[in-house]
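I have placed the structure first, in the form of structure tokens, so that the comments after it can refer back to it.
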Amino acid sequence: MKLKHYSFFNSGVKAINTRDNWDSVRLDESERDYYIPGTIEAFEQLPSVINSKPLATWIAHQMALINARALYSIGCGVAYVEYNLKKTAGIRVAVSDFTPSVMRLQALQVFDEVVELDITTQDPAISPGTVLYLGRIDTELADAQLQQIFARLHQLNVQHICMVPAQLLTPKAALIEAYVLLKSILQRRPRTFCGYNRSLGLFRQLAARYYQLTFHTVEGKPVFWLHKKD
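In numbering that gives the first Met the number 0, the protein residues as written are 0 to 229.
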């Protein structure tokens with residue numbers, strides 16, 4: 000089951016699903032949740048960097064259980080979780096995204112590798128024993144695209160995936176979508192289409208041929224840990 004997901008952006012774009020749209024957001028200081036600062040000092044003050052520390056700690060613990068010492072992030076965005084992992088766990092961290100603005104992260108001089116990569120058309124160069132991180136990229140992908148990504152990662156012999164869904168379809172999520180619609184009407188403010196909320200059942204279905212999906216929560220937020228099937 001899935002439901003269309005909308006949000007508000009200062010730029011007022013109708014949909015946030017292209018390189019140009021995402022680049023404009025990543026370079027716009029008024030988009031506080033999505034802007035990539037050019038200095039480490041500004042980056043460390045981002046609320047998302049501060050608030051993501053518990054998730055980074057949880058991921059580091061899961062990686063320690065399987066003796067994984069490297070993480071490759073797909074669709075990293077601002078890379079706040081990845082930053083905390085690099086700073087606190089001391090592991091190798093590579094980050095990638097499909098927009099040129101991802102290269103701004105090089106200025107932070109934190110990550111071991113920064114790559115412009117479109118996971119829908121390109122395979123990441125992942126060494127054995129690396130955990131692949133999919134953070135909040137699911138809403139922008141069609142079901143067939145997401146399933147194909149699982150298939151390709153399975154073929155690349157990626158053993159472990161940590162996936163944080165951007166939107167998990169729950170009664171609360173449905174109420175939030177209704178609230179966003181009402182706010183849009185009352186304030187006469189256009190919504191931006193951001194993709195889809197998916198149910199846990201649909202996520203399991205899309206991954207089922209390739210990975211065993213285990214559901215977790217970290218401070219009330221959903222996290223999936225996927226283990227490669229033979």
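Beta carbons: idealized from backbone N, C-alpha and C, even for Gly.
Exercise for the section: Could you name the residues that DSSP lists as bridge partners for R91? Expected result: Along the sequence shown, read from residue 1 onward, the residue named residue 91 stands at position 92. R91 is bridged to A69.
Practice task
On a CA-only basis, which of S6, H226, Q204, R31 is nearest A143? Give me that one, please.
Solution key: For the purposes of this step, residue 143 is identified with residue 144 of the sequence shown, where counting begins at 1. Among S6, H226, Q204, R31, the Cα nearest to that of A143 belongs to Q204.
Practice task
Taking 9 Å as the cut-off, decide whether the C-beta atoms of T138 and A177 are in contact.
Solution key: For the purposes of this step, residue 138 is identified with residue 139 of the sequence shown, where counting begins at 1. For the purposes of this step, residue 177 is identified with residue 178 of the sequence shown, where counting begins at 1. Against a cut-off of 9 Å, the Cβ pair of A177 and T138 comes out as no contact.
Exercise for the section: Specify whether the segment 152 to 172 and the segment 218 to 227 touch according to this definition: at least 3 beta carbon pairs, one from each stretch, less than 8 Å apart. Expected result: Yes, the segment 152 to 172 is in contact with the segment 218 to 227.
Practice task
Confirm, please, whether the CB-CB distance from T191 to Y5 is below 9 Å.
Solution key: Taking the sequence shown and counting its residues from 1, the one referred to as residue 5 is at position 6. Taking the sequence shown and counting its residues from 1, the one referred to as residue 191 is at position 192. Contact: yes.
Exercise for the section: Throw me the rounded Cβ distance for the V130 and L70 pair, which I believe falls under 8 Å. Expected result: On the sequence shown, position 131 is the one that residue 130 refers to. On the sequence shown, position 71 is the one that residue 70 refers to. Sure, about 5 Å apart at Cβ, within 8 Å.
Exercise for the section: Can you give me the start and stop residues for the beta strand (DSSP E) that V113 sits inside? Expected result: Taking the sequence shown and counting its residues from 1, one reaches residue 113 at position 114. Looking at the DSSP string, the run of the beta strand (DSSP E) that includes V113 is 112 to 115.
Handout entry: CB of I118 within 9 Å of CB of F149, strictly
Key = Counting from 1 along the sequence shown, the entry for residue 118 is found at position 119. Counting from 1 along the sequence shown, the entry for residue 149 is found at position 150. Cβ distance not < 9 Å, so I118 and F149 don't count as in contact.
Exercise for the section: Could you say which of G134, P170, Q158, D27 lies nearest to P127 if we only look at CA atoms? Expected result: On the sequence shown, position 128 is the one that residue 127 refers to. When each option's Cα is compared against that of P127, the closest is Q158.
Practice task
Excluding the 5 residues preceding and the 5 following W57 in the sequence, name in chain order all residues of the same chain whose CB lies nearer than 6 Å to its CB.
Solution key: If you number the sequence shown from 1, residue 57 lands on position 58. So the qualifying residues of the chain are V217.
Problem - Neighbourhood of R91 by C-beta distance below 6 Å, restricted to the same chain and skipping five residues each side - result: In the sequence shown, residue 91 corresponds to position 92, counting from 1. Within the same chain, Cβ atoms closer than 6 Å to the Cβ of R91 are found at A69, D111, the five residues on either side in sequence being excluded.
Exercise for the section: Would you kindly work out how many angstroms separate the C-alpha atoms of E238 and L45, rounded to a whole number? Expected result: With the chain running from 0 to 229 in the structure shown, residue 238 is simply not present.
Practice task
With DSSP collapsed to three states, give me the class of F97.
Solution key: Here residue 97 refers to the residue found at position 98 when the sequence shown is read from its first residue. Residue state, collapsed to three classes: coil.
Exercise for the section: Express the C-alpha separation of F8 and S183 in angstroms, rounding to a whole number. Expected result: Here residue 183 refers to the residue found at position 184 of the sequence shown. Here residue 8 refers to the residue found at position 9 of the sequence shown. Straight-line measurement puts the Cα of F8 at about 12 Å from the Cα of S183.
Exercise for the section: Please work out which residues of its chain come closer than 6 Å, Cβ to Cβ, to S51, disregarding the five sequence neighbours upstream and downstream, and give them in chain order. Expected result: The residue given as residue 51 occupies position 52 in the sequence shown. Excluding residues up to 5 positions away in sequence, Y79, V80, N83 lie with their Cβ nearer than 6 Å to the Cβ of S51 in the same chain.
Exercise for the section: Take the Cβ of M0 as the centre, count every other Cβ of all protein chains shown within 10 Å, and call the residue buried at 16 or more, exposed below. Expected result: As a working note, residue 0 is residue 1 in the sequence shown. Exposed is the call here.
Handout entry: Straight-line Cα distance separating L155 from F202
Key = The sequence position of residue 202 within the sequence shown is 203, counting from 1. The sequence position of residue 155 within the sequence shown is 156, counting from 1. Looking at the two C-alpha atoms, the distance is approximately 20 Å.
Exercise for the section: Going by DSSP, name the residue or residues bridged to V250. Expected result: Given a span of 0 to 229 for the chain in the structure shown, any question on residue 250 remains unanswerable.
Handout entry: Which listed residue (I73, V77, I125) has its alpha carbon closest to that of I136
Key = As a working note, residue 136 is residue 137 in the sequence shown. When C-alpha distances from I136 are compared across I73, V77, I125, the shortest belongs to I73.
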